[in-house]
Structures are given as C-alpha cells and as structure tokens.
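Line by line, the protein sequences are chains A and B.
Letter 42 of the first sequence, counting from 1, is numbered 1524 in the working numbering, and no numbers are missing.
Letter 2 of the second sequence, counting from 1, is numbered 59 in the working numbering, and no numbers are missing.
Okay, structure first, notes after.
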Amino acid sequence: MDKPLGTEKDAGRPGMGLSGLDGLEPHTAGEGWVPEIGADPEVPSEIPAHGQLAALESIKQVGQTAVPVSAISPIHCVSIVGQVEGHILLPPRNKTTKYEHIIPQLVAVEQSPEIQGVLIILNTVGGDIEAGLAIAEMIKGLSKPSVSLVLGGGHSIGAPIAVAADYSFIAESATITIHPIRLTGLVVGVPQTYEYLDKMQDRVVRFIVENSSIAEQKLRELMFRTGDLMRDIGTVLIGAEAVRVGLIDEVGGLAQALAKLQEMIAEKGDGGISARKPQLAVWPLIPRQEDLQPQGNVPGPGGTQ
Amino acid sequence: MMWTIVPPEVIWEGAEEKPKDLMELNWQGVQVLVEPLEFGRGRIVKLLSTDPRDYLKPELAPGSVVSLLPKKP
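Below, the structure written as structure tokens:
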C-alpha cells in the first residue's frame, strides 16, 4: 500500500489482483478496483476485522459500494407487518409478512455466531393462524434473547407472536384486539366446523396463556366479551390495558425494548441460557453415540458373543 | 384459516385476478423465484435457498428488484 499505484489503466485491466498471478505488483486501493480477499497472502493482514471482510465480500458479490463498515449488527430486527400470509397467497392489495421468509431468518439468527439477540416489531392486523403460530413457535424456540414491541396494532394472531418473545413491550397508543376465531364472521355451517374452530381457538389460547401472565379464564372472557366492540364480540386492549391483564410485560417504546434486549444479552453472557425461559431439555432425551458405546473392552451391541 | 380484524371481502379483493408469471433462477448463487419486470429486471418473490444466511441479505428480501442481466465481464 506504500507505492502509488492504481492508475486508471490498472483499474481497467482484466484479471488484476484476481489470482495472484500478478502477485509481484502490490495491491492498492485505486479507484474502481476492489481487492479480492484471500487471493493474495499480502492483503489479509491489513483487513483483520470480520465485519470489514464481510463488507468487502458484499462489494464483490453485490457490486455495491455503499455498505456499512460493520456488516453484521449484534441485534437483528424482524418486523411482522400487515397480514401474516399463510398457505394462500393473498391478493396484491394486502401488505403481507411472508412466513416462509421469516422462518429461515430466525434460523439464521439462531445459528449465526455474530447475532446475539432479536427484536420483533409488530404492527399486524392478524392473518393465517398456522403461519402466525409457526412464527410464534420459532420465536419461542430461540435460545437467544428476544424482545417484542407492539406498535400500532398486534391484533388477532399478532397476540401469540407478541407473547412468544422472552419479554414483550407495547407502545402506549398500540392496541391488541382479542376476538374469537371464525371463518367468515357470518354463519357457522355444521357442528364439526364449530368444533374445529373451537380447537383452533384452544391452540391459540393455550399458546398465549403459556407464554404470558394472563389467565386462561381472563383471556377467554376478553375474547367473548360483548359490548366492548360495536356489533361484535371481543376486546380492544390499548397500551397499559394489555399489561394490566397480563398479556404484555411492559408499556414502552424502542429505547426501552432495546435496553431490555441489551440487558438480557449481557445477563445471558457467553454460553448461557436465555434470561427468562428455561432451556428445553432436548439433548438428554437423545442419547449420544458415545454414551451408547460401552466402556473398556466389552463387546458392543453389534459384536455380541 | 385466517384470524384477523380485516373483513374477508377486503382481504380477498382482487383474488380473481390472474396470478403473475414467475420464474425460478439462480441469482448470484442463490436460487430464487422472481417476477420478471421490464428492462431485464426482476422482483424477488421468494428464496429457495437452504442457507439461512441468504435470508438475512437485504438485497434478496421479497419485493426487492434485482437485475437479471449477466454481470459485465
């Protein structure tokens, strides 16, 4: 980097710095020229930070010059907005959150060593029950700290998603509508349909009760309350009301949510477990291969007699 | 099954319209489903990758428009 190189002629030369064949020429940060990381043993010592490596990789892959210096933030943000789209593609007028994209994102959050926590921001009108519960279960299953923040609205299937996080916040003005599940809102066809709806309802109620401080009786009471919603049954919980009934943990905004997440990350430390949830006992149930192997010279299960 | 505060007639408005033609292709090493647009561009509809990290890339988020033309040598 000490020699003045990188003239315009060099920059346009094909193959420059790509394979180390022209390794005698020192690399420079000339205009229009992007160093290939790892191609030249002289280069990496100057770019040790992983974030910078990732940023340069991004230039190489995407051809974009405007990339942040630190490519990976320790906190990732997942927004659940509009309709939670499920098994049926909704007409284009709907603003939707696609669960098939959110789920692998959460997988990436869980397995990425750089990501330490996740913030779930909700402003949803509800949507597909299966897709919503899938997202909620994925959030619940994260071992990394998660905090949810309901802004605007977290209606219907938004409620289980909000409570799935380790800690939940609701903005003062945000609302959560709790109402029964139904097909069209008009008529219920046959008794079987009604029973099916009831079962769907139970799934959601159970999830919310298990993951928040609200009592099942209270939740059902709110769900079937009359006189609160005009011409309908159910309840609209605004900000502090959602906290009072035990559905949401705290009223707060972005600063509080991020502070809580940071606090939980710090509490968790390296290799610890999530701040509030106990780690699921998955491993002891599946015996490791080493545990199955008998000690010493005792013949194994396959080599009897 | 939907559980939402939005009336079904609002959600399903326009559902009769013909779905867009989509094409599956490999965009910079990632298998994606795109809706072709004019001028050699495409809008990403869905990722078909099994690498979770691909799903964190902002340029691959559904709805983002990418160039489908081969990169200049």
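Note that the Cβ used here is the ideal one computed from N, Cα and C, for glycine as well.
So the candidates are the options; which of them puts its Cα closest to the Cα of residue i?
{"i": "B:Trp60", "options": "A:Pro1627, A:His1583, A:His1661", "result": "A:His1661"}
{"i": "B:Ser124", "options": "B:Gln88, B:Pro76, B:Glu73, B:Pro93", "result": "B:Pro93"}
{"i": "B:Pro119", "options": "B:Val102, B:Met58, B:Met80, B:Pro76", "result": "B:Val102"}
{"i": "A:Leu1701", "options": "A:Ile1658, A:Gly1734, A:Arg1575, A:Leu1743", "result": "A:Ile1658"}
{"i": "A:Thr1579", "options": "A:Ser1695, A:Met1746, A:Gly1614", "result": "A:Gly1614"}
{"i": "B:Thr107", "options": "A:Asp1731, A:Pro1642, A:His1583", "result": "A:His1583"}
{"i": "A:Ile1652", "options": "A:Ala1616, A:Leu1719, A:Ile1557", "result": "A:Leu1719"}
{"i": "B:Val89", "options": "B:Asp111, B:Ile68, B:Glu70", "result": "B:Asp111"}
{"i": "B:Val67", "options": "A:Pro1556, A:Lys1577, A:Ser1555, A:Ile1557", "result": "A:Lys1577"}
{"i": "A:Gly1721", "options": "A:Gly1634, A:Glu1612, A:Ile1585, A:Gly1623", "result": "A:Gly1634"}
{"i": "A:Ala1646", "options": "A:Ala1616, A:Arg1664, A:Gly1751, A:Glu1654", "result": "A:Ala1616"}
Can you pull the DSSP bridge partners for residue i?
{"i": "A:Phe1651", "result": "A:Leu1631, A:Glu1732"}
{"i": "A:Asp1680", "result": "None; A:Asp1680 has no bridge partner."}
{"i": "B:Lys103", "result": "B:Leu90"}
{"i": "B:Arg98", "result": "B:Ser124"}
{"i": "B:Asn83", "result": "B:Gln88"}
{"i": "A:Leu1711", "result": "A:Asp1714"}
{"i": "A:Gln1565", "result": "A:Thr1578, A:Gly1608"}
Just the Cα atoms here: how many angstroms apart are residue i and residue j?
{"i": "B:Lys128", "j": "B:Gly97", "result": "12 Å"}
{"i": "A:Tyr1581", "j": "A:Arg1713", "result": "32 Å"}
{"i": "A:Val1686", "j": "A:Leu1679", "result": "11 Å"}
{"i": "B:Leu105", "j": "A:Arg1707", "result": "44 Å"}
{"i": "B:Glu116", "j": "B:Leu82", "result": "15 Å"}
{"i": "A:His1509", "j": "A:Ala1644", "result": "Bear in mind that a pLDDT of 44 at A:His1509, under 50, signals an unreliable position, so the number given afterwards is only what the model happens to contain. Cα to Cα, A:His1509 sits roughly 51 Å from A:Ala1644."}
{"i": "B:Val122", "j": "B:Arg100", "result": "4 Å"}
{"i": "A:Leu1740", "j": "A:Leu1601", "result": "8 Å"}
{"i": "B:Ala72", "j": "A:Pro1573", "result": "5 Å"}
{"i": "B:Gln85", "j": "B:Lys114", "result": "12 Å"}
{"i": "A:Arg1575", "j": "A:Gly1636", "result": "20 Å"}
{"i": "A:Gly1599", "j": "B:Glu95", "result": "40 Å"}
{"i": "A:Gln1593", "j": "A:Leu1743", "result": "18 Å"}
{"i": "A:Thr1717", "j": "A:Ala1724", "result": "10 Å"}
{"i": "A:Leu1588", "j": "A:Ser1628", "result": "11 Å"}
{"i": "A:Val1566", "j": "A:Asp1610", "result": "6 Å"}
{"i": "B:Val87", "j": "B:Glu74", "result": "30 Å"}
{"i": "A:Gly1734", "j": "B:Glu70", "result": "36 Å"}
{"i": "A:Gln1683", "j": "A:Glu1692", "result": "14 Å"}
{"i": "A:Gly1709", "j": "A:Met1620", "result": "35 Å"}
{"i": "A:Val1632", "j": "A:Ala1656", "result": "6 Å"}
{"i": "A:Met1705", "j": "B:Leu126", "result": "53 Å"}
{"i": "A:Gln1674", "j": "A:Ala1590", "result": "40 Å"}
{"i": "A:Glu1749", "j": "A:His1558", "result": "18 Å"}
{"i": "B:Ile62", "j": "B:Met80", "result": "34 Å"}
{"i": "B:Pro109", "j": "A:Lys1622", "result": "18 Å"}
{"i": "B:Pro64", "j": "A:Leu1711", "result": "15 Å"}
{"i": "A:Ile1755", "j": "A:Leu1604", "result": "Reliability of the predicted coordinates at A:Ile1755 is poor, the pLDDT of 44 falling under 50, and the value obtained from them is presented with this limitation in mind. Looking at the two C-alpha atoms, the distance is approximately 25 Å."}
{"i": "A:Met1746", "j": "A:Glu1654", "result": "23 Å"}
With a threshold of 8 Å between beta-carbons, can residue i be considered close to chain E, or not?
{"i": "A:Pro1586", "result": "Absence of chain E from the displayed structure is noted, the protein chains being A and B."}
Are residue i and residue j closer than 8 Å when you measure CB to CB?
{"i": "A:Thr1606", "j": "A:Gly1564", "result": "yes"}
{"i": "A:Ser1630", "j": "A:Ser1650", "result": "yes"}
{"i": "A:Ala1737", "j": "A:Phe1689", "result": "no"}
{"i": "A:Ser1694", "j": "A:Gly1640", "result": "no"}
{"i": "A:Gly1608", "j": "A:Ser1638", "result": "yes"}
Which two residues bound the contiguous alpha helix (DSSP H) that contains residue i?
{"i": "B:Lys77", "result": "Counting along the chain, B:Lys77 falls outside any alpha helix (DSSP H), and DSSP gives it neither H nor E."}
{"i": "B:Ile68", "result": "65 to 68"}
{"i": "A:Val1727", "result": "Counting along the chain, A:Val1727 falls outside any alpha helix (DSSP H), and DSSP gives it neither H nor E."}
Please report the residue range of the beta strand (DSSP E) in which residue i lies.
{"i": "A:Met1705", "result": "First-last for A:Met1705: 1698 to 1705, but that is the alpha helix (DSSP H), not the beta strand (DSSP E)."}
{"i": "A:Gly1609", "result": "1599 to 1610"}
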